[in-house]
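Number of protein chains: 2
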Amino acid sequence: MKELGHGADVNNIASIYNIDPKNIIDFSSNINPNVIPNLDKYVIEGLKECRSYPDISYMNLRKNISEYINVNKDFIIPGNGATEIIYLLMKSINKRLAILNPTFSEYKRAAILNNLEVIDLQLNKENNFEVNIELIKENIDSFDSLFICNPNNPNGKVKYLQELLNVIKQNNKLLIVDETFMEFVENEEDYSLIKYINQYENLFIIKAVTKFFGLPGLRLGYAVTSNKNLIEKIYNYKEPWTINSFADNLSNYIFKDSEYIKTSKNYYVKERSYMIKALKGINNLKVYDTDTNFILLELTNKKSKQLKDELLKDKNILIRDASNFIGLDERFIRVAIKSHEENEILIKQMKVALGD
Amino acid sequence: MKELGHGADVNNIASIYNIDPKNIIDFSSNINPNVIPNLDKYVIEGLKECRSYPDISYMNLRKNISEYINVNKDFIIPGNGATEIIYLLMKSINKRLAILNPTFSEYKRAAILNNLEVIDLQLNKENNFEVNIELIKENIDSFDSLFICNPNNPNGKVKYLQELLNVIKQNNKLLIVDETFMEFVENEEDYSLIKYINQYENLFIIKAVTKFFGLPGLRLGYAVTSNKNLIEKIYNYKEPWTINSFADNLSNYIFKDSEYIKTSKNYYVKERSYMIKALKGINNLKVYDTDTNFILLELTNKKSKQLKDELLKDKNILIRDASNFIGLDERFIRVAIKSHEENEILIKQMKVALGD
C-alpha cells in the first residue's frame with residue numbers, strides 16, 4: 001500500500017520502511033502528549049455502556065460539550081472526529097466553496113466528493129501564510145462559503161477573525177472555521193469565534209477531542225452553529241450511531257478536567273517557545289512562527305522527502321513531508337511539538353541531518 | 001425530541017416516558033446478552049492505542065476479520081458498524097436498487113439520501129414473509145442491485161440463497177446480503193454466502209460485531225466482496241479513521257474466542273426453542289418462526305402501540321413497535337431473545353397484557 005500523504009500513517013510507513021512501528025517517534029501527527037488521569041477507570045465504565053447502542057440523539061454527550069464551550073446543546077452536532085463533521089457539512093452547503101491554502105487536505109477531498117465547486121485561495125509565503133482578509137474581500141463574489149482553519153494547519157498561526165466574520169455576514173456568505181487546534185493557543189478566548197455563535201447564524205465552527213485531549217483513536221469531534229437550516233440539513237444526512245460508547249461516556253470526565261486543561265495550555269506556552277528558539281538555532285532551516293502544537297519548517301539545503309527518509313531510516317523519527325499541501329513545495333516539512341524529551345531528540349537529530 | 005422509530009432508542013424513550021433508563025429491560029434491540037471474558041483487560045490495552053490515530057488502512061483489523069471468516073483481507077472493508085458500510089455502498093452502486101420488504105429501514109434511507117431509485121418488493125404475510133425467488137425473477141429487469149437481509153429483520157427467518165445468487169449473476173446484477181444476524185443461525189455455514197465470495201464478483205456481504213458479539217457501542221462492522229471495481233469506488237468515498245482504536249484492538253481477541261462463539265450459538269438454539277414455545281402458549285398472539293435472536297409477533301386483540309405503552313409504563317419493558325416497517329401494520333411487534341431470566345419476565349408480562 002502506498003503512503004497516504006497524511007500525517008498519522010505510522011503503521012503503513014513502518015511497514016514500507018521495515019521498521020517496528022513501536023520504535024517510531026511520530027512527529028507527523030499533532031497530538032498532546034499529556035495524559036488525562038484516571039482514563040483506565042473511565043474506560044471500564046465506558047465498556048459497560050458498549051453493551052447497548054449509544055443514545056442515538058447523544059443527549060448526554062451534547063450536554064457535556066455544551067457546558068464545556070458554553071453554547072446551547074441544540075447548537076452542537078457531535079461527530080466521529082472532526083472528519084465526519086467536515087463530510088456532512090460538504091453535503092449541506094451551497095455549491096461554491098472557497099478554501100484558504102495551504103491547509104488540511106480533507107476539506108477539498110470532502111468538497112469534491114460531494115460535487116462542490118472549490119475555489120482555491122492562496123496565502124502568501126512571503127507573508128508567512130498569514131490570513132489575508134483583502135484577498136478574501138477581492139474574491140467575495142466567487143464563493144458561497146469560506147473554509148478557514150484557525151490556527152491553520154500546516155503553519156500554526158492563529159488570526160483574529162472578527163472583522164472577516166462581519167465581512168462574510170454582510171455579504172450573506174457562510175464562514176466555516178476549523179478550530180481543532182484552538183485550545184493550544186495562548187489566550188484562546190480572544191481568538192475563538194465560539195462566543196459569536198448565538199449572534200451569527202452565518203458561522204459554523206468545527207472542534208475535536210482528538211488533538212488537545214490527546215485521544216485521536218477515540219474519534220470524537222463536533223460542530224457548533226446556530227444556523228437551524230444547516231443543522232437540519234446535516235441531520236438529514238447524518239448516519240445513526242457514528243460515535244462510540246467510550247467517547248460518549250468519556251465526555252462525562254474529560255471536558256470537566258480543568259487541571260488537565262490548564263496544565264496542557266501552560267505546557268504548550270513554554271514548550272513552543274523552547275522549540276522555536278531551538279529550531280531557529282539550526283542552520284539551513286527557516287522556522288515559521290506558530291501559536292499551536294506544530295511547526296512549519298522550510299529547508300534550504302535539502303528536500304523534505306530526503307530529510308524524512310534520513311530521519312526515519314537512521315533515527316526512527318517520523319516527520320511530516322509537507323510538500324503535498326497546495327501552495328507549498330518540496331522544501332517544506334511540519335513537526336509536532338511533543339514531550340520535552342522527544343523534542344530534544346528531534347532538535348539534536350535535525351542539527352546533524354541539516355549539517356550544523 | 002420525538003421517538004426515532006428504530007429499536008435501541010432507550011434513553012430517548014425513557015425521557016419521553018419519564019422512566020430511569022437503567023430500569024428498562026430493552027427487548028427492542030437485538031443484542032447477545034452473553035459477555036466475552038476479559039474485555040476489561042483488552043479495553044485497557046485499547047486505551048493505549050487511542051493515544052495515536054488508528055491505522056488508516058486498518059491492516060491488523062482486516063487481517064483479524066480475514067482469519068475469522070476465511071476470506072482474503074483485501075476483500076474486507078471495515079466500517080463504523082454495518083451502518084457506514086450501507087451508506088458507502090449506496091454511493092457506489094448503480095441507480096436502481098430493489099429492497100425486499102419488510103426489512104431494516106436504513107437501507108432505504110441510505111439509498112434515497114444518495115439519489116438511488118428504490119424498488120420496494122413486498123414479501124407476503126400469508127407466506128410468513130419468506131424470501132420469494134419467483135417474485136425477484138419477475139422483477140429482475142427493474143433493478144441493478146438487490147438488497148436482502150438474511151436472516152431478515154424483523155421476521156428472523158434465514159433462507160438458502162444459492163439459487164438466487166446464480167439468478168442474479170446470470171442477469172448481471174449485484175446481490176447485497178446483510179448477514180448481520182447470520183452468526184445466530186444454527187448451521188450458519190449452510191446459509192452464509194461468505195464461502196462464495198471468491199467465486200462470485202456480483203456478491204456483496206455486510207457483517208458486524210454489534211449483535212452477535214454483544215458490543216453495539218463499539219461500532220464495528222465490515223463488508224466482504226471480491227468485486228474490485230466496487231471496492232475501489234467505496235474507498236474513493238470512504239472517510240478516514242472511522243473505526244476507533246478500541247474496536248481495532250479488540251479485533252485481536254473477540255474473533256478468536258471460539259469458546260464464546262460456541263457457547264453463544266448453543267445458547268440461542270436452546271433459548272429460541274424455549275421462547276417460541278412459550279410465546280405460542282399466549283392467547284391473541286401470532287408467533288412467526290425465527291432462526292435468529294429476535295421474534296416477530298402479531299397481536300390479534302390489541303394494537304402494537306398500546307401494548308408497547310402498557311409494558312413500558314407498568315413493567316419497564318421496552319418492545320419494538322414494528323408497525324413502521326414497510327408492509328407491516330399496527331398489529332406487529334418485535335422482541336429480542338435476551339437472557340433466560342429476562343425472557344421469562346417478558347413472557348409473564350405479555351401473558352398478563354394480552355389477557356390470558
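Chains Z and W are the protein sequences, given in the same order.
Residues in the first sequence are numbered from 1 upward in steps of one, following full-length UniProt numbering.
Residues in the second sequence are numbered from 1 upward in steps of one, following full-length UniProt numbering.
Think of the CB as a built atom: it goes at the ideal place given N, C-alpha and C, for glycine as much as any other residue.
The structure displayed is predicted, hence computed values, not measured ones.
>> Can you confirm whether serine 245 of chain Z, when its beta carbon is compared against all beta carbons of chain W, has any partner nearer than 7 Å?
In response: Yes, because at least one Cβ of chain W sits closer than 7 Å to the Cβ of serine 245 of chain Z.
> Going by other Cβ atoms of all chains shown within 10 Å of its Cβ, with 16 needed for buried, is isoleucine 337 of chain Z buried or exposed?
Replying inline: Looking at its Cβ environment, which holds 16 or more other Cβ atoms inside 10 Å, isoleucine 337 of chain Z is buried.
> For cysteine 50 of chain Z and chain W, any beta-carbon pair shorter than 7 Å?
Replying inline: At least one chain W Cβ lies under 7 Å of cysteine 50 of chain Z.
> On the three-pair Cβ rule with 8 Å, is the stretch 219 to 239 of chain W touching the stretch 191 to 210 of chain W?
Replying inline: Pairwise C-beta distances place the stretch 219 to 239 of chain W in contact with the stretch 191 to 210 of chain W, as three or more of them are shorter than 8 Å.
>> Would you say serine 192 of chain Z lies against chain W (beta-carbon separation less than 7 Å)?
In response: Judged by the 7 Å Cβ criterion, serine 192 of chain Z is not in contact with chain W.
>> Just to confirm my understanding: we take alanine 353 of chain W, look at its own chain, exclude 5 residues before and 5 after, and list those with CB closer than 7 Å. What are they?
In response: If we look at alanine 353 of chain W and ignore the five residues flanking it on each side, its Cβ neighbours are Leu307, Glu310, Leu311.
> In this structure, does DSSP put isoleucine 136 of chain W in helix, strand or coil?
Replying inline: If DSSP states are grouped into helix, strand and coil, isoleucine 136 of chain W belongs with the helices.
> If you measure from the beta carbon of lysine 2 of chain Z to each beta carbon in chain W, is any gap under 7 Å?
Replying inline: Reliability of the predicted coordinates at lysine 2 of chain Z is poor, the pLDDT of 49 falling under 50, and no value is obtained from them.
>> Between which two residues does the alpha helix (DSSP H) holding glutamine 162 of chain Z run?
In response: From DSSP, the alpha helix (DSSP H) with glutamine 162 of chain Z extends over 162 to 170.
> For isoleucine 56 of chain W versus aspartate 120 of chain Z, is the C-beta distance shorter than 7 Å?
Replying inline: For the 7 Å CB-CB criterion, isoleucine 56 of chain W and aspartate 120 of chain Z do not form a contact.
>> Which residues does DSSP list as the beta-bridge partners of aspartate 26 of chain Z?
In response: Per DSSP, Z:Leu318.
> Could you give the residue range of the alpha helix (DSSP H) that holds isoleucine 261 of chain W?
Replying inline: It spans 258 to 280 - the alpha helix (DSSP H) in which isoleucine 261 of chain W sits, taken as one unbroken run.
> Quick one: is lysine 2 of chain W buried, meaning 16 or more other Cβ sit within 10 Å of its Cβ, or exposed?
Replying inline: Bear in mind that a pLDDT of 49 at lysine 2 of chain W, under 50, signals an unreliable position, so the model cannot answer this.
>> Using DSSP's beta-bridge definition, name the partner residues of phenylalanine 204 of chain W.
In response: W:Ile176.
>> My output table needs one value for methionine 1 of chain W: the three-state DSSP class, helix, strand or coil.
In response: Its pLDDT being 42, under 50, methionine 1 of chain W is placed unreliably by the model, and nothing is read from it.
>> Could you give the first and the last residue of the continuous alpha helix (DSSP H) run that contains glutamate 183 of chain W?
In response: That residue, glutamate 183 of chain W, is in no alpha helix (DSSP H); it is neither H nor E in DSSP.
> In the structure shown, what three-state DSSP assignment does glycine 221 of chain Z receive?
Replying inline: Glycine 221 of chain Z: strand per DSSP, three-state reduction.
> When burial is assigned at 16 or more other CB atoms within 10 Å of the CB, is isoleucine 16 of chain Z buried or exposed?
Replying inline: So isoleucine 16 of chain Z ends up on the exposed side.
> arginine 334 of chain Z bridges to which residues according to DSSP?
Replying inline: DSSP output for arginine 334 of chain Z lists Z:Leu296, Z:Arg320 as bridge partner(s).
>> Quick check: the Cα distance between asparagine 153 of chain W and proline 102 of chain W, rounded to an integer number of angstroms?
In response: Each residue's alpha carbon lies about 8 Å from the other.
> Using the beta-carbon of each residue, which ones in chain Z are nearer than 7 Å to glutamate 239 of chain W?
Replying inline: The CB of glutamate 239 of chain W comes closer than 7 Å to the CB of Thr83, Glu84, Tyr87 in chain Z, given here in chain order.
> For the stretch 46 to 108 of chain Z, which segments carrying the alpha helix (DSSP H) assignment without a break, of at least 4 residues, lie completely within its bounds, in sequence order?
Replying inline: If only complete runs of 4 or more residues are kept, the stretch 46 to 108 of chain Z shows the alpha helix (DSSP H) at 59 to 69, 81 to 92, in order along the chain.
>> Pop quiz: alanine 98 of chain Z and serine 66 of chain Z are said to be a contact at Cβ under 8 Å. What is the actual Cβ separation, rounded to whole angstroms?
In response: Their Cβ separation, rounded to whole angstroms, is 30 Å, which puts alanine 98 of chain Z and serine 66 of chain Z out of contact at 8 Å.
>> Does the CB of leucine 39 of chain W have a neighbour CB from chain C at under 7 Å?
In response: In the structure shown, chain C does not exist; the protein chains are Z and W.
> Does the beta-carbon of threonine 290 of chain Z have 16 or more other beta-carbons within 10 angstroms, so that it is buried, or is it exposed?
Replying inline: It is buried - the Cβ of threonine 290 of chain Z has at least 16 other Cβ atoms within 10 Å.
>> Helix, strand or coil, according to DSSP, for glutamine 122 of chain Z in the structure here?
In response: Of the three classes helix, strand and coil, the one that applies to glutamine 122 of chain Z here is strand, per DSSP.
>> Please tell me whether leucine 230 of chain W has its Cβ less than 7 Å away from any Cβ of chain Z.
In response: No - not a single Cβ of chain Z is within 7 Å of the one on leucine 230 of chain W.
>> What does the alpha-carbon distance come out to for the pair methionine 59 of chain W and lysine 277 of chain W?
In response: Taking the straight line joining both Cα atoms gives about 45 Å.
>> Suppose contacts are defined by Cβ-Cβ distances below 7 Å. Is proline 78 of chain W in contact with tyrosine 253 of chain W by that definition?
In response: In this structure, proline 78 of chain W sits away from tyrosine 253 of chain W, with a CB-CB distance that is not shorter than 7 Å.
> In the structure shown, what three-state DSSP assignment does glutamate 341 of chain W receive?
Replying inline: The answer is helix: DSSP assigns glutamate 341 of chain W an H, G or I state.
>> Beta-carbon within less than 6 Å of asparagine 11 of chain W's beta-carbon, same chain only, minus the 5 sequence neighbours each way: which residues are those?
In response: Taken in chain order, the residues that qualify are Pro21.
> Any chance the stretch 108 to 120 of chain Z sits against the stretch 272 to 286 of chain Z, with 3 or more Cβ pairs inside 8 Å?
Replying inline: Too few Cβ pairs lie closer than 8 Å, so no.
> So which of Z:Glu330, Z:Ala247, Z:Ile261, Z:Glu188 has the shortest CA-CA distance to leucine 161 of chain Z?
Replying inline: Leucine 161 of chain Z has its Cα closest to that of Z:Glu188, out of Z:Glu330, Z:Ala247, Z:Ile261, Z:Glu188.
> Quick one: what does DSSP say valine 43 of chain Z is sitting in, helix, strand or coil?
Replying inline: Three-state DSSP puts valine 43 of chain Z in a helix.
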